[in-house]
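> Numbering (full-length UniProt numbering), first residue to last: 1 to 143.
What follows is a structure written as structure tokens; I'll ask about it next.
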């Protein structure tokens with residue numbers, strides 16, 4: 001695949017799922033590793049919702065990107081590093097539904113200035129951060 005800036009790129013992985021029933025349905029991955037029931041936010045019963053799935057996916061990807069960012073600064077992320085991701089489903093009377101996110105980041109033993117720099121740089125590496133840049137409100141909070 002050619003990019004407009006004459007660099008080449010290749011697909012390294014494709015995640016494939018089939019979803020039926022929308023927010024009151026189910027999703028299953030093509031390899032069978034993911035097989036979940038979907039429920040609306042705050043719904044009763046077992047299952048999860050798209051906001052929780054997005055929070056899990058983004059926080060996992062972002063933590064990996066922070067590891068790469070830290071390595072550039074010759075810093076090793078502590079084993080107990082974590083991200084508490086909060087994804088809000090927002091309803092506006094003028095724009096309908098949208099999302100907003102808070103990434104609450106804990107990097108024990110890393111000073112605040114380095115933690116902020118690592119997180120800022122990670123946004124330039126993480127595919128989720130790149131995909132939503134400028135589209136939704138995102139707060140990156142160092143705990």
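Using N, Cα and C, we set each Cβ at its ideal position, and we do this for glycine too.
Could you check whether the segment 85-101 touches the segment 51-61, counting it as contact only if at least three pairs of C-beta atoms, one from each stretch, sit closer than 8 Å?
yes
> Which of the three DSSP states, helix, strand or coil, is assigned to residue 68?
What you label residue 68 is simply residue 68 of the chain shown in a count that begins at 1. In the displayed model, residue 68 falls within a helix according to three-state DSSP.
> So, with DSSP's three-state summary, where would you put residue 46?
For the purposes of this step, residue 46 is identified with residue 46 of the chain shown, where counting begins at 1. Here residue 46 sits in coil by DSSP.
> What separation, rounded to the nearest whole angstrom, lies between the Cα atoms of residue 118 and residue 83?
Residue 118 sits at position 118 when you count from the first residue of the chain shown. Residue 83 sits at position 83 when you count from the first residue of the chain shown. Cα to Cα, the separation comes out at about 13 Å.
> Please list the segments of the beta strand (DSSP E) lying wholly inside the segment 5-62, counting only runs of 3 or more residues, in order along the chain.
Qualifying beta strand (DSSP E) stretches, in chain order: 17-20, 26-29, 35-37.
> According to DSSP, is residue 137 part of a helix, a strand, or is it coil?
Sequence index remark: in the chain shown, residue 137 carries index 137 (1-based). Strand at residue 137.
> Taking DSSP as the reference, what is the three-state secondary structure of residue 2?
Within the chain shown, the letter at position 2 stands for residue 2. The pLDDT assigned to residue 2 is 48, lower than 50, so where the model puts this residue is not dependable; a value taken from the coordinates is nonetheless given after this. Reduced to three states, the DSSP call for residue 2 is strand.
> Could you tell me the distance, in whole angstroms, from the CA atom of residue 104 to the CA atom of residue 44?
Looking up residue 104 in the chain shown gives position 104. Looking up residue 44 in the chain shown gives position 44. When rounded, the distance between both Cα atoms is 27 Å.
> DSSP three-state call for residue 91: helix, strand or coil?
Here residue 91 refers to the residue found at position 91 of the chain shown. The answer is strand: DSSP assigns residue 91 an E or B state.
> Give the straight-line distance between the Cα atoms of residue 12 and residue 126, rounded to the nearest whole angstrom.
Within the chain shown, numbered from 1, the residue matching residue 12 stands at position 12. Within the chain shown, numbered from 1, the residue matching residue 126 stands at position 126. As the crow flies, the alpha-carbon of residue 12 is around 15 Å from that of residue 126.
> Specify the secondary structure class of residue 115 as computed by DSSP and reduced to three states.
Residue mapping note: residue 115 aligns to position 115 of the chain shown, counting from 1. The answer is helix: DSSP assigns residue 115 an H, G or I state.
> For a quick check, are the C-beta atoms of residue 81 and residue 108 less than 9 Å apart?
Translated into positions along the chain shown, residue 81 becomes position 81. Translated into positions along the chain shown, residue 108 becomes position 108. Yes; because the gap between Cβ atoms is below 9 Å, this pair is in contact.
> Which of the three DSSP states, helix, strand or coil, is assigned to residue 107?
Counted from its first residue, the chain shown places residue 107 at position 107. Reduced to three states, the DSSP call for residue 107 is coil.
> According to the Cβ coordinates, are residue 55 and residue 38 closer than 9 Å?
Sequence index remark: in the chain shown, residue 55 carries index 55 (1-based). Sequence index remark: in the chain shown, residue 38 carries index 38 (1-based). No; because the gap between Cβ atoms is not below 9 Å, this pair is not in contact.
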